[in-house]
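K.L.:
Residue numbers (our numbering), protein chains in the order written: chain U, 1 to 1214; chain D, 1 to 506. Heads up, the beta-carbon is just placed ideally off N, CA and C, and yes, glycines get one too.
Structure below.
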C-alpha cells in the first residue's frame, strides 16, 4: 500500500492555512431566534469584520439533577440557517411605502400643513381610499424616510382616535415569550394610546381549550428533560422531530432507558421512525381511540380491580367524588349541575355557597363541603382555599366516597347522548337522595357518571355494552369504525399505558401537538386522553401528564412582564381582543356560512346550542363573556363628553350613563353591526408575525374584506336571514382598513400586502429576553451587530411612534382625556362568581349590570402629550397594586423602590437600570430595551429570589398551606441581563407556576398542586372531569364524549369548485413542516435548497397515480375559499384520503398563476381555509370559564376540517 | 506492527432525526462560496432512497472504491475505476464522473423583484434563478430531494440496497404494515485505505500523519477529478470556480483548537461521537482483501487496544504523543466500535476501511391489516410481552441493513440489535420492574452483554455531555508549527498577511 502516505512533512502542508483562515472570528455573541418554535435555544453568533458570518449552538446549559441527559446542544436546521437572512436579498433594509399612498400623501401634505388634516383628506375621499386599497399586494413599493413614515403613522392614529375612537387602532404580534420586549414595546404603545392588542395563542389554535376546562389554566406542561423521567410516552398529533427538534433526543434517550414510545399519527411521520409502535389512526379520530382506552382503563383498573394508587389519586386531586344532581327528564334522569353547598341545611348560610360543592363523606356518612372550590377563593376569610380534604365549616377531615356502586338508595336510569349516530343510551346509575332546601334530589358522583358514560356497567342494568367486542359506545370494537385501528391494539395500548402508570405511580405521559387541536371538536380530542391520565394518576408527577407543546406561550417572567407590556403601571384595564371571534366577525367570514349546526352536532332541544355562530358571539359579548373591539358604534371619547355635558360629575356616573344608553338601545355594541363603517377596524399594526398569511385562516377573505384588493374566493354568502341581533348589511364592505403597517425584517407575504413596511432589527441585532415551555432557562437575544442599514429594533420603533404621537398630539389632543373601556368578566378575579346561571340582558332575561351580567365599563385617562414620557417610565400603579401572574399576587413596592435608587442620565447598561424624571417625579426608566429587561428581571419571582420569597409568603396566607420553604434557599439569587448573556440561567420555583424545580428537579406541571395542595383554578379547585356550566350541559359536553369529524359536504368548502375524474378530493392537513417555523425560513435559501425549492403537497402514491400525477408535477389545489398552485411530492408514507401541505407557505416565493381561477397568482396555504368558531367555547361568567387573554375562547379553527380538490396543472404561467 | 492514530467517528442512527442541522453548520462555514454551492460535505439521506449524488452507492455505474482481483490465492486490491482501462489511458476522459444533474443545479430566487416590481394588476412573486447560468429555471432536483420518502415510487423504490429483497418484501415497504424510513448522515469517512488518495494522479491527496484526516492539497490539485470517481461515497467534490477538488476536512482548524467538527457540535440529536482509534497500518491490505462476510470483523481487528503495552510502544515509536494515547483510552468510538461491537462501517465492501461507524436504528414493529383494521404485531398476545420492540418484528428487513452495514453479513447486524434490545430490557427492569429477572437474563444472554456493559452502553448512549461525546485529542500544534517556525515567532505574526486563494486550474 505504498502509495498511501501519511503526510507529516510540514512544508508541504502550509497550504492548510487556506481552511484555517476561514475558521476565524472577531467576536461571539449569545442570542436566539424569536420565531415561535418553542425551541428557546441559546446560540453563539460569530462576527468577523463586523459581519455576521455564521451561528452555532451554545452548549453551556447547567445540568439538571441526577442522571438526566444534558440539554446541549439546542438548535435546529432552521435556526442554524438564520444568519442567511441578515444580508440576504429578502431583507427589508429601508422603510417602504406603496406608491399609490405616498403620492396621495405628498399631494395632501402640499395642501395641509397639519399631517392629521392631510390624512383626513385622503381617507375621507372614497376614491383615494379605494385607490390605496386596490394597489395592495401588487408591487409598486417606494423607499421612504423614517421621518415621513412616522408622520403618516402618527397622523393616521390621531385621526382615527378623533374620528372613531382609539379602539379602532389594532396591533397584532404573537408570542411574547420569544422576544419579551419586542412584543412589549408595541403592546405598551398601543395600550397607552387606547388601542387594542389582539390575542394570538387562541387564534393560532394553539390554545388547548381542555386545559382551561379541566385545569383552569392556559397551558402548563413539563420541560422536555422530564420526558426522560417517563416510562411510557404516547405522542399524538405531534411530530416531535419536526417541531421539537432540539428536544427529541430526550425521547431517544428515554427509549434506551427502557421507556416505551408509541406514535399515533395518520402518516408515517418523521417521529414515527422513533417509535416502538406506530398507530396510523384515521386523521381526526383520536378521540374515538381514547374513548375506548378509557373504557378499558375504567373496566380493568377501576371496576374489576380497584387500583389503590389510582383511587387515592382521584379522591385527592379530581372532582370524581363530587356530587352531581340528576334531574328528571321524562321517565329517566339526566346529569345536571354539581350540588351546591348552600342548598343543604348544614351549609345554607355559608359565604359564596353557590360556589362550594359537596361530597359524601365515608367517615361521617353525611354530606361534607371540601375546601378549595372557587367559593373559598373569593371569600372574606383567607387560608381555606386549598385542596386538603377538610370540611370548610369545621376543618374536620373528609374521606370522600368515590362511588355509590356499593351503597345507594336506588339505581335509576340516566340518559346519555351519543353524537356519532345521534343516539341516546339509558344506563343505570346508583344514586342517593339528598334533602335540599328545595326538596329531595337524586345525586350521584362524577365517578359513577364517568363509568356510565364510558359504558362500564359494573353489573348495573341498562344499555351497557356486554364486552370489548360489543360495538356500542365506547368499546374497543366501537372505535374501529372511526379509527381503522384494531380492537386488540387499542386494548393492549390501554393496558400497557395504565399498567405502566400503576407500576411507576404516574409516569405515563402524552405529548400532543397542534394537529389535534386544529379540529373543530378539539377540546374533546384533548379531554379524552386527559381523562385517561387523571384516571391513572399521572398529572402532577414527574414523567407523567399531558404535555401540549404548541406555541412558545410560556412567559416565565409573567407577572412583571404583563404589567410592563400592557402598561398596567399607568392605566387599567387594557384593551385586549380575543382574536378568533374578531377575525370571524370583522373579516366577514361569518357571512359565508349558515347555522353552525349545519355541520356541528349538538343534542336536540337546546336553549343555546343553535342558530348562527355570530349570534352566539354577540350574546357572549353582551353577557361579558368575550371582549369585542371596537366596543360601541360611537366614539368612546364622545360618550364621555356627552355624559359630562349631561351632568355626569364622576367616573361612576359616566359609566352609569353608558350602561343606561346600552339598556335603552341608544348605544349599540359594535359586534351587533360589524359591517357598519363606524364599527370597522381602521389601523392595523403587524409585527413579529405574518397576520395576513401564515396565521390568516381565510386569507382570501382578509384580502377582500380587510384590504379591499384581489382575491380568489368562489364561495357565496349564506348568512342573510340567519341573524337576529346582528345586522346583515348588503353589500358586504370591501376594504375596511385605512392603514396597514408591517414591521418586518423580511419581505414576507404580510409585508407585501401592507401599505407601509418598516425595517426591523433581526434577532441577532437586538437585546431581548426569551423563555419557553420546553426548558426552564432564561436567556437573551443579543446584539451581535447593530441593526443593519436603516433597520431599528421593535423597541426603538414603538418608542419613535410614541414620541411622534406626543409631538403631534397638541393640535388634536392637547389635554389628558377620559376614555370608556369595556372588559369582559375576568378569570382569576371575583368575576368567576358572576353568573351561576347565564342570562342575556339583550334578550330581556335580566337587567344589565356592568361586571355581573354584562362587561365591565370603566373609565381610563389618556395623556397623549405625555404618551412618550409614560412609555419610558415605569408608572406608579405597579408599586401600589403589585403584579400578578396566573392569579397570584406578587408584592412590588419594596422592589420598585430599589429601582428608584438607580442613576439618571447614564448610558444603558446590561447590568444596571436607570431612572427618568419628568413632571417633577422620578420613575424607574424604560428608555432602552436593556433598562426594560433589567426592570423585569428585578421584579420577577423567577429571577429575583427575594421576590419569590415575598410572593410565596403572600400566597401562603391566601392558600393556608406552607410554601415559602420552596424559596428559602434561593433568596439571594439575582439575575441581570449581563448575567444571562454569560450563561443561560435556570429560573426559580415561583408561585406563578405549578412546577417545583428546586435542587435541579425537572419542571413538570401541577407539582405544586399535587404536593403542596394548592388548588387548581377551577370550580372545585380540583382537576375537572365534569363541566357543569349550563352552556356545556346544553351543548352536551359536560362529560368527555365523542363528537364526529365534520362532514365535508355539510361544511361546504367544495360547492362551486369543479370536481371530475381527473381530480382528487382530499382532507387538507397542514402540519408544521421540517424546513420552516411557520412562514419564517420558507423563503430562506438554505431551507429551500434542502427541501424542494418550495412547498410541495404530499399525496399518497396510489391515489396520485389514479389521476395521473407524478412526483414533482405541478398541481392546482383549490376549493371555494381560494387556490394554491404547487408541486406534488408523491409518497407511500402518506395515507389515502388526505394530503399534507406543510403550513404557512409564503405566497412570495416561486408561485405560479392559477388556471382554475382565471390566471390569478396562487395563494398560500391559508387561501384554502376559513375561520369558523366553535361557539361552545364562548362560555363565560362561571369559575374557570371566564375570560383571560389567550386563556379562553373559541380558537382559530378549523383548518383540519378543510377539504380540497387536487388536480394536475394544465399550464405553467408566471 | 505499525500503530497510527486516527480521529474516528460514530453516528448513532437510532438517535438521528434527519434534521440536517449538521449539513447547514458545514455549509455556512465551508461551502458558502462560488463553486461550492452544490457541495454538501455533510449531507443526510433518507433510506430507502437514492441519496446524493443520486445512486451514489451503485458502483457498477460510478466504479468507486476497490475491488478484489486475482483468485483465492493471490487476492489483491485494485481501484475499481482502473478495471477496464488504466489510469493513464483514462486520464483525459473520466466518464465515471457524476454530472451536475446527478447532484443538482443550484439555484436562488429573484427576491429583489418583491421590492422592485412596479405596480401591476397582480401580485409579484420571486421565481427561481440558476446559480450557474443566472437564468430563470424550474427546480427538478436538490441535495435532499427524496427526503422523508418524498417521491418514494421513484427514489425509495430504486435504492440499490433493496436488490436482495423479494418482490413481495419490496412491495410491502409501500404498505402501512411495513412502510419505514430512517436517516443516514454522511461525511467523508477519512478512510484508512482511501481510494481517493490512490486515484489522484497528482498526489495531491494525503492523510495527515497526526490524526488521519484526508485532505486535498489546494495548491497541488490539478483538477484531474479522479478522486471524485475514486471515492465510492462520492465525498470529494469539484469546485468549478477554483478548479480544485474539495472535501470534508473534519474541521481540522476546530480540532486543532480542541473543538469538535461543526457538524458534530451542532448535532441536536446528539448522535455523534468522536474519538481516537489506534490501528495497525501493517494490516491494511490483509483486512481490505478479506472476503465480504468477514469484512466487518476484519476491520474491527485492525483497531488496537490502547491499553496494550505493545500497542502503546509501537505508537510511541511512530511518534504518537502520550496525550493522544490517553485520548484513545477515553475514546467513545473505541467503546462503540471495538468493545461493544455496536457500530458498523458503511458499505465495508467498498474496502476503503472507512473510519466513520454507524449504530443501526431500531425501527417500529410491523403490523398487519385485517378487514381494513390495523393491528400492531403481537397486540393479540396474552400478557404484555413483548412490551418493547424486537428484532423479529422490526419493519426493515435485516437483509437491507446487512447490505448497508455488513457487506451482506446479516449476523453482524443482528448482533447489534440483540445488544440494543438487551440494554432496553435491562433498564426497563431496573426502572419499572415490570420485566421479570428471567427475561432480563435471557436478553443479556442473547445480546452477549453483562449487566455492567448494558449499563455502560446506556450511559454513553443516553447521558453523555459534550465532553463525553467528543474526546478531541490534543494535536500539539506547537510541535507541528515548530518544524517550520518558532512558535514564539508565530505567536506574534499569526493572522497577519494576505490570505491567498489557491490559483485556479483550468
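Measure from the alpha carbon of residue 1148 of chain U to the alpha carbon of each residue in U:1139, U:1209, U:1084, then state which is nearest.
P.N.:
In the first chain, the residue the question calls residue 1148 of chain U occupies position 1148. Comparing Cα-Cα distances from residue 1148 of chain U to each of U:1139, U:1209, U:1084, the minimum goes to U:1084.
K.L.:
Determine the contact status of residue 1017 of chain U and residue 470 of chain U, defining contact as a CB-CB distance below 8 Å.
P.N.:
What you label residue 1017 of chain U is simply residue 1017 of the first chain in a count that begins at 1. What you label residue 470 of chain U is simply residue 470 of the first chain in a count that begins at 1. The answer is no: Cβ separation not under 8 Å.
K.L.:
So, is the C-beta of residue 384 of chain D closer than 8 Å to a C-beta in chain U?
P.N.:
Residue 384 of chain D sits at position 384 when you count from the first residue of the second chain. It does: the Cβ of residue 384 of chain D has a partner Cβ on chain U nearer than 8 Å.
K.L.:
Since residue 699 of chain U and residue 1164 of chain U are thought to touch, with beta carbons under 8 Å apart, how far apart are those beta carbons, to the nearest angstrom?
P.N.:
As a position in the first chain, residue 699 of chain U is number 699, starting the count at 1. As a position in the first chain, residue 1164 of chain U is number 1164, starting the count at 1. Yes, they are in contact, since the Cβ atoms of residue 699 of chain U and residue 1164 of chain U sit about 6 Å apart, within 8 Å.
K.L.:
If contact means a Cβ-Cβ distance below 9 Å, which residues of the region 861–891 of chain U contact chain D?
P.N.:
Hits within the stretch: zero.
K.L.:
Give the list of continuous alpha helix (DSSP H) stretches no shorter than 4 residues that lie fully inside the region 1063–1129 of chain U.
P.N.:
Taking only runs of at least 4 residues, the alpha helix (DSSP H) segments lying wholly in the region 1063–1129 of chain U are 1085–1090, 1101–1106.
K.L.:
Below 8 Å between beta carbons: does that hold for residue 1203 of chain U and residue 1009 of chain U?
P.N.:
Locating residue 1203 of chain U in the first chain gives position 1203, counting from the first residue. Locating residue 1009 of chain U in the first chain gives position 1009, counting from the first residue. Their beta carbons are not under 8 Å apart, which means residue 1203 of chain U does not touch residue 1009 of chain U by this criterion.
K.L.:
How many Å lie between residue 172 of chain D and residue 244 of chain U at the Cα?
P.N.:
The residue given as residue 172 of chain D occupies position 172 in the second chain. The residue given as residue 244 of chain U occupies position 244 in the first chain. Near 30 Å, if we compare the C-alpha coordinates of residue 244 of chain U and residue 172 of chain D.
K.L.:
From the DSSP output, which residues share a beta bridge with residue 329 of chain U?
P.N.:
Sequence index remark: in the first chain, residue 329 of chain U carries index 329 (1-based). U:332.
K.L.:
What residues are listed by DSSP as bridge partners for residue 206 of chain D?
P.N.:
By 1-based counting over the second chain, the position of residue 206 of chain D is 206. In the DSSP output, where bridge partners are listed per residue, residue 206 of chain D has D:215.
K.L.:
With a threshold of 8 Å on Cβ separation, who are the neighbours of residue 377 of chain D within its own chain once the five nearest residues in sequence on each side are excluded?
P.N.:
As a position in the second chain, residue 377 of chain D is number 377, starting the count at 1. Contacts found: 365, 366, 367, 368, 393.
K.L.:
Hey, which unbroken runs of the alpha helix (DSSP H) at 4 residues or more fall wholly within the region 345–397 of chain U?
P.N.:
For the region 345–397 of chain U, whole alpha helix (DSSP H) runs of length 4 or above, ordered along the chain, are 374–377.
K.L.:
Here's the rule I'm using: 16 or more other beta-carbon atoms within 10 Å means buried, otherwise exposed. How should residue 235 of chain U be labelled?
P.N.:
The residue labelled residue 235 of chain U in the question sits at position 235 within the first chain. Buried: at least 16 other Cβ atoms inside 10 Å.
K.L.:
Alpha carbon to alpha carbon, how far is residue 1210 of chain U from residue 1062 of chain U?
P.N.:
Looking up residue 1210 of chain U in the first chain gives position 1210. Looking up residue 1062 of chain U in the first chain gives position 1062. Using only the alpha carbons, I get a separation of about 12 Å.
K.L.:
Below 7 Å on C-beta distance, what does residue 1215 of chain U contact in chain D?
P.N.:
With chain U covering only 1 through 1214, there is no way to say anything about residue 1215 of chain U.
K.L.:
Hey, residue 284 of chain D and residue 353 of chain D are a contact pair by Cβ (cut 8 Å); roughly how many whole angstroms apart?
P.N.:
Residue mapping note: residue 284 of chain D aligns to position 284 of the second chain, counting from 1. Residue mapping note: residue 353 of chain D aligns to position 353 of the second chain, counting from 1. About 7 Å separates the two Cβ atoms, so the contact holds.
K.L.:
Please report how far the alpha carbon of residue 85 of chain D lies from the alpha carbon of residue 75 of chain D, in whole angstroms.
P.N.:
Here residue 85 of chain D corresponds to residue number 85 of the second chain, with the count starting at 1. Here residue 75 of chain D corresponds to residue number 75 of the second chain, with the count starting at 1. Low confidence applies to residue 85 of chain D: its pLDDT is 49, below 50, so where it sits in the model is not reliable enough to give any reading.
K.L.:
Rounded to the nearest angstrom, what separates residue 663 of chain U and residue 828 of chain U at their Cα positions?
P.N.:
Walking along the first chain from the start, residue 663 of chain U turns up at place 663. Walking along the first chain from the start, residue 828 of chain U turns up at place 828. Approximately 28 Å, taken between the alpha carbons.
K.L.:
Within the region 335–422 of chain D, note down every full alpha helix (DSSP H) run reaching 4 residues or more, in order along the chain.
P.N.:
Listed in chain order, they are 398–405.
K.L.:
Among U:64, U:14, U:58, which residue has its Cα nearest to the Cα of residue 999 of chain U?
P.N.:
Residue mapping note: residue 999 of chain U aligns to position 999 of the first chain, counting from 1. That would be U:64, whose Cα lies nearest to the Cα of residue 999 of chain U.
K.L.:
Going along chain U in order, which residues have a C-beta closer than 7 Å to the C-beta of residue 145 of chain D?
P.N.:
Residue numbering aside, residue 145 of chain D sits at position 145 when the second chain is read from its first letter. 1092, listed in chain order.
K.L.:
Cβ of residue 431 of chain D less than 8 Å from any chain U Cβ?
P.N.:
Within the second chain, the letter at position 431 stands for residue 431 of chain D. With 8 Å as the cut-off, residue 431 of chain D counts as an interface residue toward chain U.
K.L.:
Step through the CB atoms of chain D and report whether any lies within less than 8 Å of the CB of residue 10 of chain U.
P.N.:
Residue 10 of chain U sits at position 10 when you count from the first residue of the first chain. Chain D contact via Cβ: present.
K.L.:
Take the Cβ of residue 382 of chain U as the centre, count every other Cβ of all protein chains shown within 10 Å, and call the residue buried at 16 or more, exposed below.
P.N.:
Here residue 382 of chain U is taken as the residue at index 382 of the first chain, counted from 1. Exposed is the call here.
K.L.:
Could you say which of D:302, D:2, D:42 lies nearest to residue 267 of chain D if we only look at CA atoms?
P.N.:
Along the second chain, read from residue 1 onward, the residue named residue 267 of chain D stands at position 267. Among D:302, D:2, D:42, the Cα nearest to that of residue 267 of chain D is on D:42.
K.L.:
Starting from the C-beta of residue 834 of chain U, find all residues in its chain whose C-beta is less than 8 Å away, skip the five residues before and the five after it, and write them out in chain order.
P.N.:
Within the first chain, the letter at position 834 stands for residue 834 of chain U. So the list reads 624, 825, 851, 852, 853, 1181, 1182, 1186, once near-sequence residues are dropped.
K.L.:
Smallest Cα separation from residue 355 of chain U: which of U:1028, U:1079, U:1131?
P.N.:
Locating residue 355 of chain U in the first chain gives position 355, where the first residue counts as 1. Ranking the options by Cα distance to residue 355 of chain U, first place goes to U:1028.
K.L.:
On a Cα-Cα basis, can you pick out the residue from U:1069, U:1135, U:124 that is closest to residue 1169 of chain U?
P.N.:
What you label residue 1169 of chain U is simply residue 1169 of the first chain in a count that begins at 1. When only C-alpha atoms are compared, the closest one is U:1069.
K.L.:
Tell me the DSSP secondary structure of residue 684 of chain U in three-state form.
P.N.:
Taking the first residue of the first chain as position 1, residue 684 of chain U is located at position 684. Three-state DSSP puts residue 684 of chain U in a strand.
K.L.:
Give me the DSSP bridge partner(s) of residue 200 of chain U.
P.N.:
If you number the first chain from 1, residue 200 of chain U lands on position 200. Per DSSP, none; premise fails for residue 200 of chain U.
K.L.:
Taking Cβ-Cβ distances shorter than 9 Å, what residues in chain D pair up with residue 489 of chain U?
P.N.:
As a first step, residue 489 of chain U is located in the first chain; it is residue number 489 there, counting from the start. Within chain D, the residues near residue 489 of chain U are 367, 373, 374, 375, 376, 379, 380.
K.L.:
List, from N- to C-terminal side, the beta strand (DSSP E) runs of 3 residues or more that fit wholly inside the region 229–280 of chain U.
P.N.:
Entirely contained in the region 229–280 of chain U, the beta strand (DSSP E) runs reaching 3 residues are, in chain order, 232–236, 260–264, 277–279.
K.L.:
Look at the alpha carbon of residue 249 of chain U and the alpha carbon of residue 102 of chain D, and state the distance between them as a whole number of angstroms.
P.N.:
Position 249 of the first chain, counting from 1, holds the residue named residue 249 of chain U. Position 102 of the second chain, counting from 1, holds the residue named residue 102 of chain D. If I take the Cα positions, the gap works out to 33 Å.
K.L.:
Please report the residue range of the beta strand (DSSP E) in which residue 170 of chain U lies.
P.N.:
Locating residue 170 of chain U in the first chain gives position 170, where the first residue counts as 1. Element bounds for residue 170 of chain U: 169–172.
K.L.:
Just tell me which of U:683, U:946, U:928, U:785 has its CA closest to the CA of residue 152 of chain U.
P.N.:
As a working mapping, residue 152 of chain U is identified with position 152 in the first chain. The residue with the shortest Cα to Cα distance from residue 152 of chain U is U:683.
K.L.:
Got a sec: which bits of the region 1076–1108 of chain U sit with their beta carbon under 9 Å from any beta carbon on chain D, in order along the chain?
P.N.:
Within the region 1076–1108 of chain U, the qualifying residues are 1083, 1085, 1086, 1087, 1088, 1089, 1090, 1091, 1092, 1093, 1094, 1096, 1098, 1101, 1102, 1104, 1105.
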